[in-house]
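Enquirer:
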Amino acid sequence: MKNRKIVTICLILVAVFLYWVASQICELLFDWFNLAITRDYFVTIPDLIGAVCAGVAFALTLRHQRFMSFLEEAVTELSKVTYPTTKESGQSAVVVVILVGIATTMLALYDLFWSTLTRWILN
0 MKNRKIVTIC
10 LILVAVFLYW
20 VASQICELLF
30 DWFNLAITRD
40 YFVTIPDLIG
50 AVCAGVAFAL
60 TLRHQRFMSF
70 LEEAVTELSK
80 VTYPTTKESG
90 QSAVVVVILV
100 GIATTMLALY
110 DLFWSTLTRW
120 ILN
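Everything in the sequence shown is counted per numbering that gives the first Met the number 0, starting at 0 for the first residue and increasing by one.
1. Could you tell me which of I24, L47, E76 sits nearest to V6, measuring between CA atoms?
2. Looking at the unbroken alpha helix (DSSP H) that takes in Y18, where does it start and where does it end?
3. Give the secondary structure of T84 by DSSP, where H, G and I count as helix, E and B as strand, and everything else as coil.
4. Just checking, does the region 30 to 48 make contact with the region 64 to 71 on the three C-beta pairs under 8 Å criterion?
5. For W31, which residues of its own chain have a beta-carbon under 7 Å away from its beta-carbon, when the five flanking residues on both sides are left out?
6. Could you tell me which of P45, R62, A35 sits nearest to W19, measuring between CA atoms?
7. Return the Cβ separation of A56 and L17 in integer angstroms, given the expectation that the two are a contact with Cβ distance under 8 Å.
8. Helix, strand or coil for F66, going by three-state DSSP, please let me know.
9. Between L61, L34, V51, N33, which has its C-alpha nearest I8's C-alpha?
10. On a Cα-Cα basis, can you pick out the residue from T84, A21, E71 that is closest to V51?
Put into structure tokens, the structure is as follows:
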């Protein structure tokens, strides 16, 4: 049941984002086809279309049991993930910086060698 709440909250956030995207696309289409967007009322037509799209998507997703089961299983698997400690993250960052420095030095030496050899051959 705990996973169901998390999935529902995430779906609500996705629906809000979908509302925003759909209303922006509708406003763009209204502008493109030179249709008037009346702002006399609290809600404009593109906002209404966006809300309907978001509501329908949210309702269909909630009713689709296989997809909801998949999302709940994904949340369960994500809860099993262990994250590195601050010390481990710091150590990993130091290793990455050192290896990048070594790779940079090696590439610089290869470049110096081949440019010197090429210059010597061409002269």
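Cβ coordinates follow ideal geometry from the N, Cα and C atoms, glycine included.
Expert: Let me lay it out:
1. E76
2. 1 to 31
3. coil
4. no
5. none
6. P45
7. 6 Å
8. helix
9. L61
10. A21
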